[in-house]
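Each residue of the first sequence is one higher than the one before, starting from 30 at the first, in this note's numbering.
Step one of this worksheet: look at the structure below.
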Amino acid sequence: MDNVEEEKKSLNFIEQIVEEDLKEGYSSDSLKFRFPPEPNGYLHIGHAKAICLNFGLGERYNSPVNLRFDDTNPSKEEQEYVDAIKYDVNWLGYQWDAECYSSDYFQQLYDWAVLLIQNGKAYVDSQSSEDMATQKGTPTKPGVNGPFRDRSVEENLDLFNRMKQGEFKEGEHILRAKIDMTHTNMLMRDPIMYRVMHKPHHRTGSDWCIYPMYDWTHGESDYVEQISHSLCSLEFKPHRELYDWFLDQVHDEKLRPKQREFSRLNLNYTVMSKRKLMQLVEENLVNGWDDPRMPTISGLRRRGYTPKSIRNFIDTVGVSKREQMIDVALLESCIRTDLNKTTNRIMAVLDPLKLVITNYPEGETEVVMADNNPEDENAGQREMIFSQEIYIERGDFLEECPKKVFKLGVGKEVRLKHGYIINGVEAVKDADGNVVEVKCTYDPKSKSGSGSEESKRKVKGTLHWVSASHNVTAQVNAYDRLFTVENPDGDKEKDFKEFINKESLSILKGCKIELALKDAKPHERYQFQRLGYFCVDNDSTSDHLIFNRTATLKDFWAKKK
RNA sequence: UGCCCGAUGGUGUAACUGGCAACACGUCUGUUUUUGGUACAGAAGAGUCUAGGUUCGAGCCCUAGUCGGGCAACCA
30 MDNVEEEKKS LNFIEQIVEE DLKEGYSSDS LKFRFPPEPN GYLHIGHAKA
80 ICLNFGLGER YNSPVNLRFD DTNPSKEEQE YVDAIKYDVN WLGYQWDAEC
130 YSSDYFQQLY DWAVLLIQNG KAYVDSQSSE DMATQKGTPT KPGVNGPFRD
180 RSVEENLDLF NRMKQGEFKE GEHILRAKID MTHTNMLMRD PIMYRVMHKP
230 HHRTGSDWCI YPMYDWTHGE SDYVEQISHS LCSLEFKPHR ELYDWFLDQV
280 HDEKLRPKQR EFSRLNLNYT VMSKRKLMQL VEENLVNGWD DPRMPTISGL
330 RRRGYTPKSI RNFIDTVGVS KREQMIDVAL LESCIRTDLN KTTNRIMAVL
380 DPLKLVITNY PEGETEVVMA DNNPEDENAG QREMIFSQEI YIERGDFLEE
430 CPKKVFKLGV GKEVRLKHGY IINGVEAVKD ADGNVVEVKC TYDPKSKSGS
480 GSEESKRKVK GTLHWVSASH NVTAQVNAYD RLFTVENPDG DKEKDFKEFI
530 NKESLSILKG CKIELALKDA KPHERYQFQR LGYFCVDNDS TSDHLIFNRT
580 ATLKDFWAKK K
């Protein structure tokens with residue numbers, strides 16, 4: 030049955046490539062993938078695409094997937110990021126086969142570089158970066174050979190060795206591959222393989238003062254690990270030629286990895302580059318990498334997103350070679366679908382307005398039963414306390430309420446969910462004319478679940494509520510999109526930060542929550558009836574409850590207005 | 001004056017590799033509902049960037065354009 034459905038779903042182009050390879054002789058146990066983040070920042074939803082693609086392939090073909098940290102630039106990389114990345118990948122529900130580091134291969138890479146020098150395929154250049162840039166030409170103009178291009182093997186070997194020994198300052202010498210300065214692909218114009226860097230590395234400490242560049246490192250690392258399919262994003266397409274050239278230099282009879290490229294994921298109303306996300310964090314425009322407004326995995330987690338919803342989202346957007354600009358509405362749809370089935374419903378009043386039921390016996394309370402989740406028969410029921418004074422949502426009262434609007438008004442009735450049907454009598458106002466309290470009457474025979482005729486009446490609106498003396502006060506963080514425009518970095522004139530939505534966070538204090546949540550723990554998720562899905566924040570304590578709004582419910586009425 | 005990708009409803013992805021353009025999200029309309037949620041039923045919305053060509057037949061193949069993106073860091 031599962032197979033039938035599997036069969037029906039068409040393969041994405043990467044899966045088709047793998048299938049093709051399998052048909053043409055790859056054994057199924059030769060399949061191996063990898064996810065290769067650079068530990069210089071936190072993972073975001075775009076990385077989730079790469080993670081789900083690679084680990085998804087691993088699951089599909091029962092193949093190992095390595096987690097490889099591409100740590101060849103000690104000036105940007107930190108252990109903190111390594112730890113955060115591992116946490117995120119696990120959280121998404123994936124287990125890597127081996128935890129690898131490009132830095133594990135520094136010695137092997139060095140030995141191969143020596144081999145290239147010996148074969149006349151690499152040389153030490155000793156010019157300034159400006160001179161080298163000039164010689165490199167432009168996309169439309171071929172480059173020219175530099176003066177050190179024909180150094181002898183012996184001299185190159187000696188210089189390269191002394192680079193490694195730390196005899197030179199940064200920028201004095203670099204090692205370049207000797208390919209073709211007139212190549213139409215700029216990347217093939219004698220690309221740099223090593224630079225001198227007197228910086229401690231988060232793993233190798235001060236063992237090295239030369240560090241390999243990405244192009245030289247990546248393919249050879251794939252080769253060492255025997256990765257069959259090395260998947261990366263589209264901008265690396267031109268690098269493939271170089272990837273293959275470098276592999277040619279060291280390849281023997283072992284499996285030869287192949288690089289293939291797919292498009293990045295972009296979401297509207299946010300930015301997705303690590304550099305820009307870093308800026309938001311460093312300039313305190315958000316509260317850290319895990320700010321619930323951030324498109325980072327950690328941000329989404331704190332916001333209340335589930336791994337399942339993210340995986341489902343990634344599955345839905347697909348894999349192709351055209352730049353995707355996905356509507357956040359799709360992401361939201363994914364989390365709603367998940368949470369609708371799994372979260373218990375709770376009454377929470379975010380903007381409380383006191384309501385007094387004048388014909389309800391003063392000082393009396395009673396217990397009413399409430400379903401935890403109408404979508405889940407096994408979710409059971411809980412008790413709520415009903416009393417004469419309760420809170421309703423300020424926005425649910427309109428003194429003069431039109432028939433078509435399902436709210437409480439003076440002379441207009443409404444049902445209190447799991448409670449009684451009430452009828453508005455009077456709006457009590459302060460000196461400025463603000464409504465501070467609403468008086469109403471209730472129909473004692475209309476109690477929900479009582480089975481009475483009165484309880485079965487059709488009433489236009491149903492309100493959520495919480496007893497005025499039986500509740501817990503909480504803070505609710507209501508999040509909105511971080512940017513006011515669909516593509517904040519799409520404007521050439523304006524900086525993306527000019528489009529930041531100043532109302533992206535509304536902190537609501539004094540929210541009244543049903544007593545059942547008084548001991549709610551961080552990460553717990555609930556549906557606040559009629560409002561949306563909420564998640565207990567990391568910093569929440571029983572003394573100071575904090576909820577983050579994950580997503581609102583779909584609101585037909587809000588759109589209507 | 002170059003090289004490399006890409007182009008299918010508003011968005012994204014399909015189309016059994018040449019046979020009536022489908023699915024999801026979004027939008028709209030009903031039904032049900034003690035959440036203006038969910039569920040259910042239905043509708044609108046593209047004739048596949050353009051022009052040629054091959055073919056009985058082209059979104060798929062070929063040619064030439066157009067448009068969009070990428071390529072000149074001692075970044076990855």
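We treat Cβ as the ideally placed atom computed from N, Cα and C, and that holds for glycine.
Tell me the DSSP secondary structure of residue i in three-state form.
i: Phe42; result: helix
i: Trp586; result: helix
i: Tyr420; result: strand
i: Asp31; result: Here the model assigns Asp31 a pLDDT of 37, short of 50, so the residue's position is not dependable, and the following value carries that caveat. If DSSP states are grouped into helix, strand and coil, Asp31 belongs with the helices.
i: Ser259; result: strand
i: Cys81; result: helix
i: Tyr243; result: helix
i: Glu36; result: Here Glu36 scores only 46 on pLDDT, less than 50, and its place in the model is too uncertain to base an answer on.
i: Leu427; result: coil
i: Pro324; result: coil
i: Ile74; result: helix
i: Lys170; result: strand
i: Tyr139; result: helix
i: Gln124; result: coil
i: Ile208; result: coil
i: Lys474; result: helix
i: Cys238; result: coil
i: Thr491; result: strand
Just how far apart, CA to CA, sit residue i and residue j?
i: Tyr134; j: Asn316; result: 37 Å
i: Lys228; j: Ala142; result: 21 Å
i: Lys531; j: Arg554; result: 26 Å
i: Phe585; j: Gln556; result: 17 Å
i: Leu121; j: Leu260; result: 19 Å
i: Asp31; j: Gly87; result: The pLDDT assigned to Asp31 is 37, lower than 50, so where the model puts this residue is not dependable; a value taken from the coordinates is nonetheless given after this. The straight-line gap from Cα to Cα measures roughly 18 Å.
i: Glu393; j: Ile414; result: 10 Å
i: Arg332; j: Arg289; result: 33 Å
i: Tyr223; j: Val514; result: 42 Å
i: Leu276; j: Asn567; result: 47 Å
i: Glu201; j: Gln156; result: 7 Å
i: Val565; j: Asn401; result: 17 Å
i: Phe197; j: Cys238; result: 9 Å
i: Asp281; j: Pro336; result: 41 Å
On a CA-only basis, which of the options is nearest residue i? Give me that one, please.
i: Val348; options: Ile364, Ser292, Ile80, Gly519; result: Ser292
i: Asp405; options: Lys383, Leu368, Tyr389; result: Leu368
i: Glu395; options: Ile419, Leu382, Asn401, Val378; result: Ile419
i: Thr579; options: Gly424, Val357, Trp494; result: Val357
i: Tyr240; options: Thr366, Phe177, Arg180, Ser131; result: Ser131
i: Arg444; options: Phe275, Asp461, Asp459, Ile421; result: Ile421
i: Ile451; options: Ser484, Ser479, Val434; result: Ser484
i: Pro220; options: Asp277, Met161, Asp179, Phe197; result: Met161
i: Val378; options: Pro473, Val495, Gly448; result: Val495
i: Tyr123; options: Ile146, Ala549, Ser92, Arg205; result: Ser92
i: Leu145; options: Val94, Leu204, Gly478; result: Leu204
i: Arg285; options: Ser416, Ile529, Glu254; result: Glu254
i: Ala549; options: Gly54, Phe576, Tyr116; result: Phe576
What are the boundary residues of the beta strand (DSSP E) that includes residue i?
i: Val505; result: 500–508
i: Lys538; result: 534–543
i: Leu216; result: It is not in any beta strand (DSSP E) - Leu216 carries neither H nor E in the DSSP assignment.
i: Asn91; result: Neither: Asn91 is in no beta strand (DSSP E) and is coded neither H nor E.
i: Val153; result: 151–154
i: Val310; result: Per DSSP, Val310 belongs to no beta strand (DSSP E); it is in the alpha helix (DSSP H), 303–311.
i: Lys458; result: 450–458
Are the CB atoms of residue j and residue i within a distance shorter than 8 Å?
i: Lys303; j: Asn41; result: no
i: Leu216; j: Pro168; result: no
i: Phe98; j: Asn83; result: no
i: His493; j: Gln558; result: yes
i: His73; j: Thr325; result: yes
i: Thr21; j: Val454; result: For the chain, the structure presents residues 30 to 590; residue 21 sits outside this window and is missing.
i: Thr246; j: Thr101; result: yes
Give the range of the alpha helix (DSSP H) segment to which residue i is assigned.
i: Ser496; result: First-last for Ser496: 494–496, but that is the beta strand (DSSP E), not the alpha helix (DSSP H).
i: Arg340; result: 336–346
i: Glu404; result: Unbroken run through Glu404: none, as it is neither H nor E.
i: Glu270; result: 268–279
i: Thr658; result: There is no way to answer for residue 658, as the model of the chain reaches only from 30 to 590.
i: Leu560; result: Taken as a continuous stretch (DSSP letters only), Leu560 belongs to no alpha helix (DSSP H), as it is neither H nor E.
i: Thr592; result: The requested residue 592 does not occur in the structure, where the chain is confined to residues 30 to 590.
i: Phe189; result: 182–194
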